[in-house]
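Since the structure comes first, as structure tokens, the remarks are kept for the end.
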Amino acid sequence: MSSEGMDGPKLGFSFDLYSRNDMLTKKGLKPPGYLKTGTTIVGLIFKDGVILGADTRATAGPIVADKNCEKIHYMAPNIYCCGAGTAADTEAVTDNISSQLKLHRYHTGRESRVVTALTLLKSHLFRYQGHVSAALVLGGVDVTGPHLHTIYPHGSTDTLPFATMGSGSLAAMAIFESEYREGLTRDEGVNLVTKAICSGIFNDLGSGSNVDICVIEKGKKEYLRNHLTPNPRTYISSKGYAFSKKTEVLLTKITPLKELVDVVQVGGDAMEE
Amino acid sequence: MGDSQYSFSLTTFSPSGKLVQIEHALTAVGSGQTSLGIKASNGVVIATEKKLPSILVDETSVQKIQVLTPNIGVVYSGMGPDSRVLVRKSRKQAEQYNLLYKEPIPVTQLVRETAAVMQEFTQSGGVRPFGVSLLVAGYDDKGPQLYQVDPSGSYFSWKASAMGKNTLYTFSSLYTDDMELEDAIHTAILTLKEGFEGQISGKNIEIGVIEADRTVLTAAQIEDYLQEVE
Numbered sequence: 001m002s003s004e005g006m007d008g009p010k011l012g013f014s015f016d017l018y019s020r021n022d023m024l025t026k027k028g029l030k031p032p033g034y035l036k037t038g039t040t041i042v043g044l045i046f047k048d049g050v051i052l053g054a055d056t057r058a059t060a061g062p063i064v065a066d067k068n069c070e071k072i073h074y075m076a077p078n079i080y081c082c083g084a085g086t087a088a089d090t091e092a093v094t095d096n097i098s099s100q101l102k103l104h105r106y107h108t109g110r111e112s113r114v115v116t117a118l119t120l121l122k123s124h125l126f127r128y129q130g131h132v133s134a135a136l137v138l139g140g141v142d143v144t145g146p147h148l149h150t151i152y153p154h155g156s157t158d159t160l161p162f163a164t165m166g167s168g169s170l171a172a173m174a175i176f177e178s179e180y181r182e183g184l185t186r187d188e189g190v191n192l193v194t195k196a197i198c199s200g201i202f203n204d205l206g207s208g209s210n211v212d213i214c215v216i217e218k219g220k221k222e223y224l225r226n227h228l229t230p231n232p233r234t235y236i237s238s239k240g241y242a243f244s245k246k247t248e249v250l251l252t253k254i255t256p257l258k259e260l261v262d263v264v265q266v267g268g269d270a271m272e273e
Numbered sequence: 001m002g003d004s005q006y007s008f009s010l011t012t013f014s015p016s017g018k019l020v021q022i023e024h025a026l027t028a029v030g031s032g033q034t035s036l037g038i039k040a041s042n043g044v045v046i047a048t049e050k051k052l053p054s055i056l057v058d059e060t061s062v063q064k065i066q067v068l069t070p071n072i073g074v075v076y077s078g079m080g081p082d083s084r085v086l087v088r089k090s091r092k093q094a095e096q097y098n099l100l101y102k103e104p105i106p107v108t109q110l111v112r113e114t115a116a117v118m119q120e121f122t123q124s125g126g127v128r129p130f131g132v133s134l135l136v137a138g139y140d141d142k143g144p145q146l147y148q149v150d151p152s153g154s155y156f157s158w159k160a161s162a163m164g165k166n167t168l169y170t171f172s173s174l175y176t177d178d179m180e181l182e183d184a185i186h187t188a189i190l191t192l193k194e195g196f197e198g199q200i201s202g203k204n205i206e207i208g209v210i211e212a213d214r215t216v217l218t219a220a221q222i223e224d225y226l227q228e229v230e
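These protein sequences, in sequence, are chains A and B.
For the first sequence, position 183 (counting from the first letter as 1) is numbered 183 according to the UniProt record's numbering, and the numbering increases by one without interruption.
For the second sequence, position 151 (counting from the first letter as 1) is numbered 151 according to the UniProt record's numbering, and the numbering increases by one without interruption.
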């Protein structure tokens, strides 16, 4: 990253290495892949607040990199955000904005609002022109009521009563579209979200493992980590693994490499000219 | 920056080896409203008098004791606006540390960084030193801590300290090494009362308490404590 001849602060990405990378790609070097979450994330508004749900599988290409990762990120005591896309991007962007919201709370002395988080996130993503690959479902309850938004990697947002994102979004949306109603109770909402995530887990390759839920109501929140674990590991052998000894021992002989010798002074000085 | 006549530092050494502006800044602190802090065995208490210019001022809108992080609070003596700038900078530094290390900033680190800011303003051109002394009180894994930071940028760790006008050293008679927090709060109120002009009440003092698991600023039970002290 060059620093000479720069006026003002550096904003956005530095594309200094672009020509080098281009040359390397032409020569046949494959660029390193990044960890995509390949996800099902959902959110819905119920009678008293917002419920967010997510699966827990993180993929690196065809391999499951993390069987139990956390996709529901903390933004503020009353706001949580689910992230799909590149895991590092969702982590970094939610951490950054969460930090900004915290400072803002100290300065204003007030609870953070969901629209504040929304605006900070979308401005950040727009500034990076879609290169920050984070698709988010943001939900929370503030003084103005419960809110649910989706944010796309390029910086556009939607405000919805129920939303899904990620590779399993179609499977989850099918469940929501057929069963969502206004004014659901907490338990009905949690069951519906669980059903939608399970639909993603079982029908989408990019999603799997467990269901995480976060219920946010006015003045309180419940983070239900691994609310449902429909994919337990069942094949561990109870006998353990024992390998038979294939080689017979015929003779054991131990030869020390060094001999311990006692030095005794007979007479006179050891060091004599 | 600016004319050559004004582009020298206000903090040039005097022939006697002192920085006159810093001395004046300390005078500004010394004529500010009294504030004090006491470190107990299980927490820290900071307190200050909150004398408002008129009874018409809404005292709930004035907050002299501020939170820097969930476990560090600060009180000042001297110029209020200067303290606001420092509080803002300190909060940002604490948050940046947290973002970088995913760890709440230790009290000593925050004090050091705040002191560095104050020192910066004693060695730059076209600026003046801050007219405040801060009492930073916090609780981290090293236990309860109390630090004083001066306009020069020097900082000291105290078991008990007072700044501003009418600072009496009644601490030395009341303070014991393994004081409990409740006793410390009573001592703080008694000490404030000594130099108080007028009638002390819950409306014209502020108390902040930092314990292992919580930071309570402006205790709502000040009136109760005041009655206990009577």
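Even for Gly, the Cβ is constructed at its ideal location relative to N, Cα and C.
Within chain A, partners of residue i - CB distance below 8 Å
i                 : result
Arg-91 of chain B : Leu-103, Tyr-106, His-107
Bridge-paired residues (DSSP) for residue i
i                  : result
Ile-165 of chain A : The sequence given here places Met at residue 165 of chain A; Ile does not occur at that position. Partner(s): A:Ile-41.
Phe-13 of chain B  : B:Leu-19
Phe-46 of chain A  : A:Gly-49
Leu-228 of chain A : A:Val-211
Glu-211 of chain B : B:Gly-43
Met-163 of chain B : B:Ser-35
Ser-157 of chain B : B:Tyr-147
Leu-134 of chain B : B:Tyr-76, B:Val-149
Thr-159 of chain A : A:His-149
Ile-205 of chain B : B:Glu-49
Ile-79 of chain A  : A:Ala-76, A:Gly-140
Tyr-223 of chain A : A:Cys-214
Ile-63 of chain A  : A:Ala-60
Beta-carbon neighbours of residue i, restricted to chain A and to distances below 7 Å
i                 : result
Val-67 of chain B : Tyr-106
Interface partners of residue i on chain A, CB under 9 Å
i                 : result
Glu-95 of chain B : Ser-99, Gln-100, Lys-102, Leu-103, Tyr-106
Contacts that residue i makes with chain B (C-beta to C-beta distance below 8 Å)
i                 : result
Asp-95 of chain A : Leu-99
Beta-carbon proximity of residue i to residue j, cut-off 7 Å
i                      : j                  : result
Gly-37 of chain B      : Ile-210 of chain B : no
Glu-59 of chain B      : Leu-68 of chain B  : no
Ile-207 of chain B     : Ala-47 of chain B  : yes
Ser-199 of chain A     : Ala-171 of chain A : yes
Ala-40 of chain B      : Pro-151 of chain B : no
Asn-42 of chain B      : Leu-181 of chain B : yes
Gly-85 of chain A      : Ala-135 of chain A : yes
residue 326 of chain A : Gly-168 of chain A : This structure gives no information on residue 326 of chain A, because the portion of chain A shown stretches from 1 to 273.
His-227 of chain A     : Val-211 of chain A : yes
Gln-93 of chain B      : Glu-113 of chain B : yes
Asp-140 of chain B     : Val-117 of chain B : no
Gly-198 of chain B     : Thr-34 of chain B  : no
Val-136 of chain B     : Ile-189 of chain B : no
Tyr-76 of chain B      : Val-111 of chain B : no
Ser-209 of chain A     : Asn-68 of chain A  : yes
Ile-97 of chain A      : Leu-121 of chain A : yes
Ser-133 of chain B     : Val-29 of chain B  : yes
Gly-153 of chain B     : Gln-119 of chain B : yes
Cys-81 of chain A      : Lys-71 of chain A  : no
Tyr-225 of chain B     : Ile-185 of chain B : yes
Ala-92 of chain A      : Ala-58 of chain A  : no
Tyr-106 of chain A     : Arg-214 of chain B : no
Asp-165 of chain B     : Ser-31 of chain B  : It should be noted that the sequence gives Lys, not Asp, for residue 165 of chain B. The answer is yes: Cβ separation under 7 Å.
Glu-95 of chain B      : Leu-103 of chain A : yes
Lys-95 of chain A      : Val-132 of chain A : In the sequence as displayed, the identity of residue 95 of chain A is Asp instead of Lys. Going by C-beta atoms, Asp-95 of chain A is not nearer than 7 Å to Val-132 of chain A.
Asp-82 of chain B      : Gly-126 of chain B : no
Do the region 103 to 121 of chain A and the region 139 to 153 of chain A meet, that is, are 3 or more Cβ pairs less than 8 Å apart? yes
For the pair the region 70 to 89 of chain A and the region 174 to 182 of chain A, tell me if three or more CB-CB distances fall below 8 Å. no
What residues from the region 99 to 131 of chain B come within 8 Å of chain A, judged by C-beta to C-beta, listed N to C? Leu-99
Counting pairs of Cβ atoms below 8 Å between the region 12 to 21 of chain B and the region 158 to 168 of chain B, do you hit three or more? no
Is it the case that the region 186 to 198 of chain A contacts the region 51 to 70 of chain A, given that we only count it when at least three CB pairs across the two stretches are under 8 Å? yes
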